[in-house]
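What follows is a short report on a single structure.
Chains as they are written, first to last, in this note's numbering: chain A, -15 to 149; chain B, 662 to 1114.
Quick look at the structure:
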């Protein structure tokens, strides 16, 4: 049994310490936004935020997470009250098959928390580890710019998770 | 009275003589400026040869800011004496070498003096380039003079007095610049001599792999014994090599050509750029370099060979392989690293078995720490090995525990000292590196232009 802090709540997890965070999120906590892509930290589909930074959850065992705060896409917003990053991705229609999008949003979110006004080049550089095979890259780029504007100008979303955590 | 007059006269004569001698050492004439030659005035075959030679010389690595315009200079090169910025070697008339004649270019390569007669700092490795033939200098000149001209004024170096005075470099040259050209060894094959010519000259391998003295010159007595570059250790590539398996000519060739070798792993850090360049030059030159370097490594001792066969046996035996989660570092290894590093998938699609990694037998954990933090980024547009970085998921204590475990399990060398400090420094330099990454070129200016994907 270990305690895992996810989206602001403590969860008691019954899993071996070498279990990848991704498995604990999906199997134990039924948080299915983070996806299993390659299992080797090479595609980015499993990206979540740990203590404000983008982390590949498939190569992050639970034993590295003692005392750390994990944030998944579910922790940013909901269907009813999407976070700016989610609104932006919807408004730009950035998803095609959508498999990479949760990971894209999490890495973009981590970038925007650190750098609220990234340049195009900075976004490209940051999102480089995340692969998209449908080819919606230009929409993803626009969505991240739009999210930056939303966070800057619009009122923060009602759940208070508007990106500044 | 007359005696003191004689002494005064002698002193004045000595001073004048000294001044003339110093002037002779320091002063170099300007070479007349030319109008930038038209690109079409160069023979395309010569330009192509120059292109390959420039790749072997790794010129772009120092003379291009990451993501910036090729050969436009401006890259900060940290040295123990301060920061020196690389120069613009595009044919721009005002800020590059557009007004340099071939003679001026050759003088810079041979003796480290720019067209106007100023001494160049030896971060530009002319101590190696003295070996480059006139013919090769001509090809390099033709290549550089046909590149797009970029207007990029030099950035001021950040050096303390008296090193910020360029005449000081003349004294350094007196001590350390031999100015000899490469003399073929008739006892060796033509290929060996070709390799030696390239390694000792244009490829300037010793610039990183040979340790330097307090004045920043390569220690001739310790050639290829291992040196430092940025926050990396450039391994010993002579008989002192600590690679778990001895290097063969074919392994060297594979590594230099492909950027990785199944028995030694993946080139990374500053070496990644070198092998990236070598992948595009004539195969025969890379093989010549491998052949020569193999002779620099020397024949492995019987002791080394028996160590190597133990290592190979350990790799094949799964019972020894099983990852042990009996310590904090071991648990991290088993959970986060072994998935790739003990997967039995062949390189480059998997991690190398760490028993084969030179980084874990190296004198200090810098390279291993750098790789754990930042991983190995893919090469643009190519199939290449990659590794995720763990800077965001492991803290310094966890990485230190991991490094100590890896050293103990996968190397026969004694434990490292100062691992925690090394990890802290590596994280600092990783952050600096990422923050100084400029905007990359080649990308469209903005993704917001919807109709122009």
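Don't be surprised by glycine CBs; every beta carbon is placed ideally from N, CA and C.
Small disclaimer: the values here were computed from a predicted structure and weren't measured.
Between residue 714 of chain B and residue 853 of chain B, the gap from beta carbon to beta carbon reaches 8 angstroms or more. With respect to chain B, the C-beta atom of residue 54 of chain A has no partner C-beta closer than 8 angstroms. Contact check between the region 79 to 97 of chain A and the region 35 to 48 of chain A: three or more CB pairs, one atom from each, fall below 8 angstroms, which counts as touching.
When only Cα atoms are considered, residue 692 of chain B and residue 905 of chain B end up about 51 angstroms apart. Our two residues, residue 1080 of chain B and residue 696 of chain B, have alpha carbons roughly 55 angstroms apart in a direct line. Pairwise C-beta distances place the region -4 to 10 of chain A in contact with the region 40 to 50 of chain A, as three or more of them are shorter than 8 angstroms. If you look at residue 915 of chain B, you'll find it in the alpha helix (DSSP H) that goes 910 to 919.
Residue contact check for residue 1055 of chain B against chain A: a CB pair falls below 8 angstroms. Apart from sequence neighbours up to five positions away, the residues of its chain that approach residue 942 of chain B with a beta-carbon distance below 7 angstroms are 713, 716 and 717, ordered along the chain.
By the neighbour-count definition (other C-beta atoms within 10 Å, threshold 16), residue 908 of chain B is a buried residue.
The residues 6, 9, 10, 29, 30, 31, 32, 41, 56, 57, 86, 87 and 90, in chain order, have a CB closer than 8 angstroms to that of residue 18 of chain A in the same chain once the five nearest residues on each side in sequence are set aside. Partner residues in the beta bridge of residue -10 of chain A, as assigned by DSSP, are A/-7 and A/54. Rounded to the nearest whole angstrom, the C-alpha separation of residue -15 of chain A and residue 1051 of chain B is 25 angstroms. When only Cα atoms are considered, residue 686 of chain B and residue 944 of chain B end up about 42 angstroms apart. When the alpha-carbon of residue 949 of chain B is set against those of B/771, B/911 and B/787, the nearest one is in B/911.
By the criterion of at least three beta-carbon pairs nearer than 8 angstroms, the region 829 to 844 of chain B is in contact with the region 777 to 793 of chain B.
Counting along the chain, no alpha helix (DSSP H) covers residue 31 of chain A; the unbroken beta strand (DSSP E) around it starts and ends at 31 to 34. Under a 10 Å Cβ-count criterion, residue 99 of chain A is classified as exposed, with fewer than 16 other Cβ atoms of the shown protein chains found around its own Cβ. In the structure shown, residue 1046 of chain B adopts coil according to DSSP, grouped into three states. Those residues of the region 34 to 51 of chain A placed with their C-beta closer than 7 angstroms to a C-beta in chain B are 34, 37, 38, 39, 40, 43, 44, 45, 47 and 48, ordered along the chain. Contact check for residue 1067 of chain B against residue 1015 of chain B passes: the beta carbons are separated by less than 8 angstroms. If you check each beta-carbon in the region 987 to 1004 of chain B against every beta-carbon of chain A, the ones closer than 9 angstroms belong to 989, 992, 993, 995, 996, 997, 998, 1000, 1001 and 1004. Check the Cα spacing between residue 1083 of chain B and each of B/850, B/1028, B/1038 and B/1045: the tightest is with B/1028.
One thing to note: residue 123 of chain A has its Cβ no nearer than 8 angstroms to the Cβ of residue 67 of chain A. Interface annotation for the region -1 to 14 of chain A against chain B: 1 and 2, criterion Cβ-Cβ distance under 7 angstroms. Distances from the CA of residue 806 of chain B to each of B/821, B/861 and B/732 were compared; the closest alpha carbon is that of B/732. In this structure, residue 746 of chain B and residue 810 of chain B do not form a Cβ contact; the two beta carbons are roughly 19 angstroms apart against a cut-off of 8 angstroms. Just so you know, the alpha carbons of residue 808 of chain B and residue 720 of chain B end up roughly 13 angstroms apart. As computed with DSSP, residue 737 of chain B is found in a beta bridge with B/746. For residue 25 of chain A, the chain B residues whose C-beta falls within less than 7 angstroms of its own C-beta are 1049, listed in chain order. Residue 889 of chain B: not part of any alpha helix (DSSP H); member of the beta strand (DSSP E) spanning 888 to 890, first to last residue.
Looking only at B/789, B/785 and B/812, the smallest Cα-Cα distance to residue 752 of chain B is reached by B/812. Taking the Cα positions, residue 849 of chain B is about 28 angstroms away from residue 932 of chain B. Beta bridge pairing from DSSP links residue 45 of chain A with A/4.
Counting along the chain, residue 844 of chain B sits inside no beta strand (DSSP E), nor does DSSP assign it H or E at all.
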